[in-house]
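S.K.:
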Amino acid sequence: MQIRDIMAEPMFLDKGETLSHAMDVMEKNGVQRLLVMHNGDINGVVTIRTILRSLGSRKSAGMPASSLHVASATTDNFTKVFPDLKSEEAITLVDRTGGVLIVMDGNELLGWITPREILKNAINLEESVGDSMIADLITIHPTERVSHARRLMLDENIGRLPVVEEDRLVGIVTEQDIAKAMRAFRDLVPSHQQENRIKKLLVEDIM
Numbered sequence: 007m008q009i010r011d012i013m014a015e016p017m018f019l020d021k022g023e024t025l026s027h028a029m030d031v032m033e034k035n036g037v038q039r040l041l042v043m044h045n046g047d048i049n050g051v052v053t054i055r056t057i058l059r060s061l062g063s064r065k066s067a068g069m070p071a072s073s074l075h076v077a078s079a080t081t082d083n084f085t086k087v088f089p090d091l092k093s094e095e096a097i098t099l100v101d102r103t104g105g106v107l108i109v110m111d112g113n114e115l116l117g118w119i120t121p122r123e124i125l126k127n128a129i130n131l132e133e134s135v136g137d138s139m140i141a142d143l144i145t146i147h148p149t150e151r152v153s154h155a156r157r158l159m160l161d162e163n164i165g166r167l168p169v170v171e172e173d174r175l176v177g178i179v180t181e182q183d184i185a186k187a188m189r190a191f192r193d194l195v196p197s198h199q200q201e202n203r204i205k206k207l208l209v210e211d212i213m
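Numbering (this note's numbering), first residue to last: 7 to 213.
1) Smallest Cα separation from residue 58: which of 46, 76, 45, 50?
2) Please list, in chain order, all residues of the same chain as residue 113 whose beta carbon is under 6 Å from its beta carbon, the five residues on each side excluded.
3) Here's a check: name, in chain order, each residue in its chain whose Cβ is nearer than 6 Å to the Cβ of residue 81, leaving out the five neighbours to either side.
4) Put residue 88 into one of helix, strand or coil per three-state DSSP.
5) Straight-line CA distance for residue 23 to residue 172?
6) Considering only the beta carbon of each residue, do residue 79 and residue 60 sit closer than 9 Å?
7) Please classify residue 159 as buried or exposed, where buried requires at least 16 other C-beta atoms within 10 Å of its C-beta.
8) With a threshold of 16 other CB atoms inside 10 Å of the CB of residue 136, please say whether the residue is buried or exposed.
9) Nearest-angstrom Cα distance between residue 41 and residue 83?
10) Among 54, 37, 28, 34, whose alpha-carbon lies nearest the alpha-carbon of residue 43?
11) In the DSSP assignment, the beta strand (DSSP E) including residue 127 goes from what residue to what residue?
12) What's the C-alpha gap between residue 180 and residue 205?
13) Identify, in the order they occur along the chain, each residue of the same chain with its Cβ nearer than 7 Å to the Cβ of residue 11, setting aside the five sequence neighbours on each side.
14) Check whether the Cβ atoms of residue 208 and residue 120 lie closer than 9 Å to each other.
15) In the structure shown, what three-state DSSP assignment does residue 57 receive?
16) Which whole-angstrom value is the C-beta distance of residue 169 and residue 110, which I expect to be below 8 Å?
Quick look at the structure:
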């Protein structure tokens, strides 16, 4: 199977748009990444994870998501590939780089391959996908800080955390949950109070 058989059409966003708008587009369309364009050229990729990183950085401290541009959370972690690349090779590339594959025919953008496309075709690619499964489960307690959950996700490269209390699963928090919480926090809390009040925002508050 070639990647032309499983590639999807990316959703586009200009790098001058705000992070708030990017999050709204992602939520409305049920996606976690968007292709960032500028003047017809591929500028990079923005994901819910890069937004999460941007919203928690000291560089943008105190600024609401509506004031931050997509460019501040855009990554160049993508690889341009030909449409006849084998799916097994695509899995290896995505697994090794953690990015997306942009399918090009010359200068023409045909589509892209993200982890979502690979998972959707997992039945046909079962053996290769199985090699990339996470073995060790990382959990978090509901009274832990949201900032700690964010750091865990970024450090461990995971998109969700089971919330466990007294050996019992009480919920799950995702990158989207934390990004939405950080967005709301920055919108509602005055900038001069954010440094202290973020320490009081707990996982159980956003479940």
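Quick reminder that beta carbons are idealized off the backbone N, C-alpha and C, glycines included.
M.R.: To lay it out plainly:
1) Locating residue 58 in the sequence shown gives position 52, where the first residue counts as 1. That would be 76, whose Cα lies nearest to the Cα of residue 58.
2) On the sequence shown, position 107 is the one that residue 113 refers to. Taking residue 113 as the centre and dropping the five residues before and after it, the same chain places no C-beta closer than 6 Å to its C-beta.
3) Position 75 of the sequence shown, counted from the first residue, corresponds to residue 81. Here the set comprises 50, 51, 56.
4) Along the sequence shown, read from residue 1 onward, the residue named residue 88 stands at position 82. In the three-state reduction of the DSSP assignment, residue 88 falls in the coil class, being assigned neither a helical nor a strand state.
5) Stepping through the sequence shown from its first residue, residue 23 is reached at position 17. Stepping through the sequence shown from its first residue, residue 172 is reached at position 166. If I take the Cα positions, the gap works out to 44 Å.
6) Position 73 of the sequence shown holds residue 79. Position 54 of the sequence shown holds residue 60. In contact: residue 79 and residue 60 (Cβ atoms closer than 9 Å).
7) Translated into positions along the sequence shown, residue 159 becomes position 153. It counts as buried.
8) Taking the sequence shown and counting its residues from 1, the one referred to as residue 136 is at position 130. Because the pLDDT at residue 136 is just 46, under 50, the model does not fix this residue reliably, and the value given afterwards should be weighed accordingly. Under this definition residue 136 is an exposed residue.
9) To locate residue 41, count along the sequence shown from 1; it is residue 35. To locate residue 83, count along the sequence shown from 1; it is residue 77. Roughly 11 Å separates the two Cα atoms.
10) Residue mapping note: residue 43 aligns to position 37 of the sequence shown, counting from 1. The shortest C-alpha separation from residue 43 is found at 28.
11) As a working note, residue 127 is residue 121 in the sequence shown. Taken as a continuous stretch (DSSP letters only), residue 127 belongs to no beta strand (DSSP E), as it is neither H nor E.
12) In the sequence shown, the residue the question calls residue 180 occupies position 174. In the sequence shown, the residue the question calls residue 205 occupies position 199. If you take the alpha carbons of residue 180 and residue 205, they lie about 19 Å apart.
13) To locate residue 11, count along the sequence shown from 1; it is residue 5. So no residue of the chain qualifies.
14) Within the sequence shown, the letter at position 202 stands for residue 208. Within the sequence shown, the letter at position 114 stands for residue 120. Not closer than 9 Å, so no.
15) Counting from one through the sequence shown, the residue named residue 57 turns up at place 51. In the structure shown, residue 57 sits in a helix (DSSP, three-state: H, G or I).
16) Here residue 169 is taken as the residue at index 163 of the sequence shown, counted from 1. Here residue 110 is taken as the residue at index 104 of the sequence shown, counted from 1. Contact between residue 169 and residue 110 does not hold, since their C-beta atoms are separated by about 41 Å, which reaches or exceeds 8 Å.
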